[in-house]
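Protein chains in written order, with the numbering used here: chain Y, 157 to 481; chain S, 4 to 454.
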């Protein structure tokens with residue numbers, strides 16, 4: 157298993173290099189450092205000198221991928237690509253265009269992101285699976301049909317509606333919580349509760365329906381019939397036998413997103429003014445700060461790969477038949 | 004000639020898709036075994052009602068894709084000059100909706116403006132009051148008559164619509180039995196829809212049925228125009244997704260070895276990047292290109308349109324990986340089947356095996372995933388436009404409507420109509436698409452046992 161994990165981690169390196177190459181191409185080859193300098197400096201005071209100065213200041217005054225002037229290995233390393241990418245592999249993301257240290261920024265913003273994403277994930281999972289089990293319990297009855305219809309209806313509503321509507325009803329109409337903002341410690345509760353509820357409501361439709369399909373596939377298998385023949389109650393069969401055996405398909409979809417919880421949610425955070433990584437990303441997109449966007453892309457890919465590896469490990473935990481080799 | 008057709012890129016792609024879909028439909032009709040699952044879809048009442056709703060949206064979208072530029076009145080003799088404004092056939096059909104713009108907000112069916120204005124009457128007295136709308140209920144002499152007029156028009160419109168619906172139902176009755184379709188739900192749906200359409204027609208011509216927005220445009224018109232954008236995002240994207248996923252998925256599964264490794268590498272790289280960020284990055288780049296090459300576009304519409312096509316392209320490039328993985332898995336399974344091995348033993352070339360034996364047997368997966376993706380793409384457009392990386396801000400879309408209306412929630416009295424209209428239209432479109440997709444999945448999924 158250790159050897160397997162090491163190999164998987166080793167495989168991650170070319171993927172991360174690929175991600176870097178892709179974002180680098182998107183950002184720097186199509187949009188040259190000169191264009192970036194012009195955009196950042198504004199239209200009025202753009203002189204060639206100013207552009208050169210900006211490029212030098214931000215480290216963009218080197219060739220893109222290959223430095224003919226340098227010698228030896230410097231031909232590869234003395235380039236923008238190397239300078240801007242190599243650090244990422246040791247989680248050093250450099251500085252944003254407004255001069256802040258991106259790694260520090262990520263560290264401080266991770267907390268608020270997790271404060272929303274983690275409860276949303278955990279409580280959400282509980283709600284979705286309970287709802288799906290309930291529908292499975294009453295399968296092929298009017299109750300099940302109503303549940304499925306409700307799910308289809310809920311998943312047809314735009315995610316923006318949940319956010320705008322929830323914010324309006326809970327903060328503006330009922331004055332239960334502040335409209336937006338964030339505070340540290342225990343005070344954060346009143347700021348995070350609405351985003352969490354909205355986050356859960358937003359995907360209850362698609363998730364519950366997905367879990368219901370998984371449970372329904374399990375429930376027609378032989379071991380379920382055996383369990384019933386032994387005289388076990390339907391509830392017992394459902395919660396111990398079916399739920400356990402449905403773990404593999406459930407884990408496939410769930411574990412991979414756990415590391416990504418750090419990234420926060422773009423929309424929720426920007427609507428509710430939560431100073432997390434999601435709103436950081438949106439601000440960077442709007443300000444066209446490519447260093448930050450590239451850092452977030454790299455972080456996202458890294459966490460996704462970690463999630464894939466975790467998924468494989470989790471299989472061995474829930475299913476003793478699975479051996480990683 | 005007093006107009007010149009203006010074919011935008013997206014129009015061309017839409018009609019290409021339409022031709023392709025018709026060709027496939029014609030081919031399917033010739034082959035009974037291909038027609039069989041579609042017959043199952045046709046017997047599903049929910050699916051047929053959803054299809055009815057979807058086809059209404061489709062008609063609006065298609066009419067809105069026939070663009071032209073009208074000739075300007077000639078000032079001095081010479082070459083005809085065409086207006087820089089690109090209009091569509093749909094714009095022409097609903098011209099009153101497009102041209103009847105007020106000063107600013109007005110509530111649905113209102114006769115007076117949302118904001119008070121200062122005016123001077125004949126005696127020179129300065130008053131501050133809600134002014135009457137220029138078009139909304141302009142024919143009424145007294146504001147108090149509005150409720151009666153609305154009720155009367157709604158009733159007449161509804162009755163006329165019901166009557167027209169009844170005629171359509173009578174006309175198509177025979178055909179329905181022919182295809183063994185569910186009668187009653189379709190008939191009832193037709194009658195309800197035609198009644199609603201009748202009410203809409205009779206009210207929208209005289210009032211602003213869904214109110215007006217900040218610059219006084221009719222919200223109903225904006226919502227109807229947004230349909231085309233949603234449909235294009237949902238369908239044109241498949242033009243990119245399909246070839247990539249099909250080619251790479253089947254090749255990876257069938258050839259295995261290094262081809263498989265390379266393709267797996269590509270899709271792991273693409274799917275490991277958070278999709279919103281990848282889309283954002285690509286759209287930002289594209290915006291720079293568009294901004295630096297203004298000479299490519301002769302009208303503002305063609306610039307906005309190119310951005311839309313680009314967005315579809317980017318969405319396609321970021322979303323083919325899921326389908327590719329499914330196809331790879333299925334092909335891995337299929338290549339071990341006896342009939343494939345038999346074909347290999349007979350010396351059939353790999354390309355021919357792929358085209359004749361593998362491809363037809365993975366088509367159900369392709370179809371299911373395409374119809375399922377449609378609604379997700381329509382919803383994604385709104386989110387992307389909110390983030391600022393969606394369609395051009397000048398283009399009508401549900402996302403831009405929501406984005407503009409979102410800030411108006413804070414006004415008092417609240418301006419709720421534009422937001423509700425956008426969400427409402429989106430809900431109907433996505434719900435119909437979801438229900439139809441479910442029926443297609445049920446009909447095509449071989450895992451469901453049918454006897």
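Glycine included, each C-beta is placed from N, C-alpha and C at the ideal position.
Relative to chain S, which residues along the segment 397 to 412 of chain Y have a C-beta separation below 8 Å, given in chain order? Answer set for the segment 397 to 412 of chain Y: empty.
For residue 196 (chain S), which residues from the same chain have a beta carbon less than 8 Å from its beta carbon, with the 5 sequence-adjacent residues on both sides left out? 55, 56, 59 and 168, listed in sequence order.
When the Cα atoms are used, what is the spatial distance from residue 493 (chain Y) to residue 243 (chain S)? What the structure shows of chain Y is the stretch from 157 to 481, and residue 493 (chain Y) is not part of that stretch, so it cannot be assessed.
I need the straight-line Cα distance from residue 203 (chain Y) to residue 246 (chain Y), nearest angstrom please. Approximately 36 Å between the Cα atoms of the pair.
Count the other CB atoms within 10 Å of the CB of residue 257 (chain S); is the residue buried (16 or more) or exposed (fewer)? That one is buried.
CB contact below 7 Å: residue 274 (chain Y) versus chain S: Residue-level contact check: residue 274 (chain Y) does not touch chain S, since none of the beta carbons of chain S fall below 7 Å from its beta carbon.
Please tell me whether residue 307 (chain Y) and residue 241 (chain Y) are closer than 7 Å, where the distance is taken between their beta carbons. No, the Cβ-Cβ distance between residue 307 (chain Y) and residue 241 (chain Y) is not below 7 Å.
Answer with yes or no whether the minimum CB distance from residue 424 (chain Y) to chain S is below 7 Å. No, its Cβ sits nowhere closer than 7 Å to a Cβ of chain S.
Chain S beta carbons: is any one of them nearer than 7 Å to that of residue 352 (chain Y)? By this cut-off, residue 352 (chain Y) is not an interface position.
CB-CB under 7 Å to residue 454 (chain S), same chain, minus the five flanking residues each way: which ones, in chain order? Low confidence applies here, because residue 454 (chain S) scores a pLDDT of 45, under 50, leaving its location unreliable; read the following figure in that light. The answer is none, since no qualifying residue turns up.
Integer Cβ distance of residue 116 (chain S) from residue 100 (chain S), believed to fall under 8 Å: In this structure residue 116 (chain S) does not touch residue 100 (chain S) by the C-beta definition: roughly 18 Å separates them, more than the 8 Å allowed.
Euclidean distance between Cα positions of residue 94 (chain S) and residue 446 (chain Y): Those two C-alpha atoms are separated by around 40 Å.
Going by alpha carbons, who is nearest to residue 220 (chain Y) out of Y:206, Y:239, Y:205 and Y:207? For the residues Y:206, Y:239, Y:205 and Y:207, the minimum Cα distance to residue 220 (chain Y) belongs to Y:239.
With H, G and I counted as helix, E and B as strand and the rest as coil, what does DSSP make of residue 90 (chain S)? Assignment of residue 90 (chain S) by DSSP, reduced to helix, strand and coil, places it in the strand class.
Counting only C-beta atoms, is residue 454 (chain S) closer than 7 Å to chain Y at any point? Low confidence applies here, because residue 454 (chain S) scores a pLDDT of 45, under 50, leaving its location unreliable; read the following figure in that light. Answer no: the Cβ-Cβ gap between residue 454 (chain S) and chain Y never drops below 7 Å.
Under 8 Å: do the segment 308 to 319 of chain Y and the segment 385 to 398 of chain Y share three or more Cβ pairs, one atom per stretch? The segment 308 to 319 of chain Y is not in contact with the segment 385 to 398 of chain Y.
Kindly list, in the order they appear in chain S, the residues whose Cβ is closer than 7 Å to that of residue 355 (chain Y). Within 7 Å Cβ-Cβ: nothing; residue 355 (chain Y) doesn't reach chain S, min ~14 Å.
Is the shortest distance between the beta-carbon of residue 317 (chain Y) and the beta-carbons of chain S less than 7 Å? Closer than 7 Å: yes.
Buried versus exposed, by CB contacts within 10 Å (16 or more), residue 218 (chain Y): Classification of residue 218 (chain Y): buried, given that the 10 Å Cβ count is 16 or more.
Of the residues that make up the segment 222 to 243 of chain S, which ones have a beta carbon closer than 8 Å to any beta carbon in chain Y? So nothing in the stretch comes that close.
For residue 102 (chain Y): DSSP bridge partner residues: No statement about residue 102 (chain Y) is possible, as the shown extent of chain Y runs from 157 to 481 and does not include it.
Answer with yes or no whether the minimum CB distance from residue 442 (chain Y) to chain S is below 7 Å. Closer than 7 Å to some Cβ of chain S, the Cβ of residue 442 (chain Y) qualifies, so yes.
Residue ranges of each alpha helix (DSSP H) run of no fewer than 4 residues wholly in the segment 142 to 197 of chain S, ordered along the chain? The DSSP assignment places complete alpha helix (DSSP H) segments of no fewer than 4 residues inside the segment 142 to 197 of chain S at 149 to 181, in order along the chain.
Any 3 or more C-beta pairs closer than 8 Å across the segment 201 to 210 of chain S and the segment 125 to 144 of chain S: Yes, they touch.
Grab the span of the alpha helix (DSSP H) containing residue 307 (chain S) for me, first residue to last. Taken as a continuous stretch (DSSP letters only), the alpha helix (DSSP H) holding residue 307 (chain S) covers 303 to 337.
Does the segment 322 to 329 of chain Y come into contact with the segment 429 to 439 of chain Y, if we say contact requires no fewer than three beta-carbon pairs (one atom in each stretch) closer than 8 Å? Cβ pair count under 8 Å is below three, so no.
Check this for me: beta carbons of residue 171 (chain Y) and residue 321 (chain S), under 7 Å apart or not? Residue 171 (chain Y) places its beta carbon 7 Å or farther from that of residue 321 (chain S).
Quick check on residue 84 (chain S) - is its C-beta less than 7 Å from some C-beta in chain Y? Not closer than 7 Å to any Cβ of chain Y, the Cβ of residue 84 (chain S) fails to qualify, so no.
Quickly, what does DSSP pair residue 331 (chain Y) with across the bridge? List them, please. Answer is none; residue 331 (chain Y) lacks a bridge partner.
Between which two residues does the beta strand (DSSP E) carrying residue 123 (chain S) extend? In the DSSP assignment, residue 123 (chain S) falls within the beta strand (DSSP E) that extends over 120 to 123.
Rounded C-alpha distance that separates residue 330 (chain Y) from residue 344 (chain Y): Just so you know, the alpha carbons of residue 330 (chain Y) and residue 344 (chain Y) end up roughly 19 Å apart.
Indicate the three-state DSSP secondary structure (helix, strand or coil) for residue 70 (chain S) in the structure shown. Strand, per DSSP.
Are residue 442 (chain S) and residue 44 (chain S) touching if we call contact CB-CB under 7 Å? In contact: residue 442 (chain S) and residue 44 (chain S) (Cβ atoms closer than 7 Å).
Could you work out which residues of chain Y lie near residue 275 (chain S), taking near to mean beta carbons separated by less than 7 Å? Those are 171, 175, 457, 460 and 461, listed as they occur along chain Y.
Touch test, the segment 220 to 239 of chain S against the segment 401 to 417 of chain S, Cβ-Cβ under 8 Å, three pairs minimum: Yes: the two stretches touch, three or more of their Cβ pairs being nearer than 8 Å.
Closer than 7 Å, CB to CB, is residue 314 (chain Y) near chain S or not? For residue 314 (chain Y), the closest Cβ of chain S is nearer than 7 Å.
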